[in-house]
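Position in the sequence shown counted from 1, then plus 171, gives you the numbering used here.
In what follows, a structure is listed as structure tokens, so that the remarks can point back to it.
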Amino acid sequence: MPDDWPESSRRPLPRVPALRGWRWCVEAFYLFREQPLTMVLFGVVYFILMLGLNLIPLLGGLMVSLLSPILSVGFLVVAGKLAHGQEPELADLFTGFRQGTAALLGIGIWYLVVFCALGIGVALMAVLLGVAPSGEALAQLTPEAQASLMELGLVVLVLALPLMMAYWLAPALVYFEQQSGIEAMRLSLLFAARNWPAFLLYGVVMGSCAVLSIMAFGVGLLLWVPWVLLSLYVCYQDMIGAGPVEMSKVGWVE
Numbered sequence: 172m173p174d175d176w177p178e179s180s181r182r183p184l185p186r187v188p189a190l191r192g193w194r195w196c197v198e199a200f201y202l203f204r205e206q207p208l209t210m211v212l213f214g215v216v217y218f219i220l221m222l223g224l225n226l227i228p229l230l231g232g233l234m235v236s237l238l239s240p241i242l243s244v245g246f247l248v249v250a251g252k253l254a255h256g257q258e259p260e261l262a263d264l265f266t267g268f269r270q271g272t273a274a275l276l277g278i279g280i281w282y283l284v285v286f287c288a289l290g291i292g293v294a295l296m297a298v299l300l301g302v303a304p305s306g307e308a309l310a311q312l313t314p315e316a317q318a319s320l321m322e323l324g325l326v327v328l329v330l331a332l333p334l335m336m337a338y339w340l341a342p343a344l345v346y347f348e349q350q351s352g353i354e355a356m357r358l359s360l361l362f363a364a365r366n367w368p369a370f371l372l373y374g375v376v377m378g379s380c381a382v383l384s385i386m387a388f389g390v391g392l393l394l395w396v397p398w399v400l401l402s403l404y405v406c407y408q409d410m411i412g413a414g415p416v417e418m419s420k421v422g423w424v425e
């Protein structure tokens with residue numbers, strides 16, 4: 172890591188304006204456009220790795236969940252280098268396999284445990300409420316049943332939101348601050364909850380762009396994935412009170 176990167180401290184988690192959620196996306200785009208071809212290449216490598224893991228029989232999805240925090244650290248390192256006018260390398264993508272690996276795996280494990288518990292709970296709720304039709308019955312649902320399924324979907328979203336908030340900046344906290352997996356998830360959740368307007372705006376922007384990327388035959392995901400992973404570094408800078416990414420160091424002027 173560059174010597175002038177902000178050091179971690181025990182300072183209270185800051186509050187940021189709601190519009191910072193938009194700026195997180197914009198500043199991440201500035202990092203992306205510093206070396207767009209390299210970022211697309213890194214995105215392709217990321218996709219190949221994810222695809223390769225998914226092809227593993229039975230364990231593919233499990234491996235993706237476990238290794239995603241490790242691979243996201245690579246983009247944190249790349250983003251940090253771009254933010255300081257340095258040249259990223261392909262080897263940076265694999266930094267998570269060399270530093271903090273156990274804690275990063277812990278994030279993946281905790282995510283899987285909570286996700287599975289959430290899935291089981293929702294499935295039981297659907298059965299108890301009588302809104303868990305078979306595949307054949309889906310096409311014959313009454314309007315009342317459809318409404319019940321939509322309500323259940325909203326419940327799932329509400330219950331999953333804290334998990335997404337906890338997962339959000341946990342890899343950054345493990346890598347930059349050597350936190351344990353569970354402590355990193357706790358701090359990420361607290362920061363997101365403390366700044367929920369900014370987090371919500373950030374999520375809406377990134378989510379909308381993800382939908383558009385998928386609609387473009389999935390090709391747009393080659394741009395979206397590195398962009399959203401670079402944004403984690405920008406968000407983390409606000410979390411430690413370092414403020415916005417300095418465009419003068421990146422090499423672009425607004």
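Don't be surprised by glycine CBs; every beta carbon is placed ideally from N, CA and C.
Just so it is clear, the structure is predicted and the values come from calculations on it, not from any experiment.
Spatial distance of Thr209 from Pro183 (CA atoms): In the sequence shown, residue 209 corresponds to position 38, counting from 1. In the sequence shown, residue 183 corresponds to position 12, counting from 1. When only Cα atoms are considered, Thr209 and Pro183 end up about 36 Å apart.
Beta-carbon separation of Ala337 and Arg365 under 9 Å? As a first step, residue 337 is located in the sequence shown; it is residue number 166 there, counting from the start. As a first step, residue 365 is located in the sequence shown; it is residue number 194 there, counting from the start. For Ala337 and Arg365, no; Cβs fall outside 9 Å.
Taking all protein chains shown into account, decide if Val139 is buried (16 or more other Cβ within 10 angstroms of its Cβ) or exposed. The requested residue 139 is not part of the displayed model; the chain covers only 172 to 425.
What is the rounded straight-line gap between the Cα of Ser400 and the Cα of Glu322? Taking the sequence shown and counting its residues from 1, the one referred to as residue 400 is at position 229. Taking the sequence shown and counting its residues from 1, the one referred to as residue 322 is at position 151. Inspection of the sequence shows that residue 400 is occupied by Leu rather than by Ser. Approximately 31 Å, taken between the alpha carbons.
I need the DSSP call for Asn225, collapsed to helix, strand or coil. Start at 1 with the first residue of the sequence shown, and residue 225 comes out as number 54. In the three-state reduction of the DSSP assignment, Asn225 falls in the helix class, which pools H, G and I.
Nearest to Phe275 (by Cα), restricted to the options Leu220, Leu238, Leu247: By 1-based counting over the sequence shown, the position of residue 275 is 104. Before going further, note that residue 275 is Leu rather than Phe in the sequence given. Ranked by Cα distance from Leu275, the options Leu220, Leu238, Leu247 are led by Leu238.
How big is the Cα-Cα spacing for Ala262 and Ala369? As a working note, residue 262 is residue 91 in the sequence shown. As a working note, residue 369 is residue 198 in the sequence shown. Roughly 32 Å separates the two Cα atoms.
How about Gly271 and Gln349: do their beta carbons lie closer than 9 Å? If you number the sequence shown from 1, residue 271 lands on position 100. If you number the sequence shown from 1, residue 349 lands on position 178. Yes.
What are the boundary residues of the alpha helix (DSSP H) that includes Leu361? Here residue 361 refers to the residue found at position 190 when the sequence shown is read from its first residue. Where Leu361 is concerned, the enclosing alpha helix (DSSP H) stretches over 352-365.
Count the other CB atoms, across all protein chains shown, that sit within 10 Å of the CB of Ala288; report buried if there are 16 or more and exposed otherwise. Here the question's residue 288 lines up with position 117 in the sequence shown. Here Ala288 is exposed. Its C-beta has fewer than 16 other C-beta atoms within 10 Å.
Using DSSP with H/G/I as helix, E/B as strand and the rest coil, what is Gly245? Working through the sequence shown from its first residue, we reach residue 245 at position 74. Helix, per DSSP.
Going by DSSP, what residue range makes up the alpha helix (DSSP H) through Phe203? Here residue 203 is taken as the residue at index 32 of the sequence shown, counted from 1. Note, Phe203: alpha helix (DSSP H), 191-205.
Among the residues of its own chain, which have a CB less than 6 Å from the CB of Val376, if the five just before and after it don't count? Position 205 of the sequence shown, counting from 1, holds the residue named residue 376. If we look at Val376 and ignore the five residues flanking it on each side, its Cβ neighbours are Cys196.
Backbone secondary structure at Phe370 - three-state DSSP: Translated into positions along the sequence shown, residue 370 becomes position 199. Helix at Phe370.
Helix, strand or coil at Gln270 [DSSP, three-state]: Start at 1 with the first residue of the sequence shown, and residue 270 comes out as number 99. Assigned with DSSP and collapsed to three states, Gln270 falls in coil, not helix or strand.
I'd like to check one pair, Leu283 with Ser236: are the Cβ atoms closer than 9 Å? Taking the sequence shown and counting its residues from 1, the one referred to as residue 236 is at position 65. Taking the sequence shown and counting its residues from 1, the one referred to as residue 283 is at position 112. Yes, they are a contact pair.
Cβ neighbour criterion (16 or more within 10 Å) applied to Gln408: By one-based count along the sequence shown, residue 408 stands at place 237. Buried: at least 16 other Cβ atoms inside 10 Å.
Please state whether DSSP places Gln408 in a helix, a strand or coil. The residue labelled residue 408 in the question sits at position 237 within the sequence shown. Of the three classes helix, strand and coil, the one that applies to Gln408 here is helix, per DSSP.
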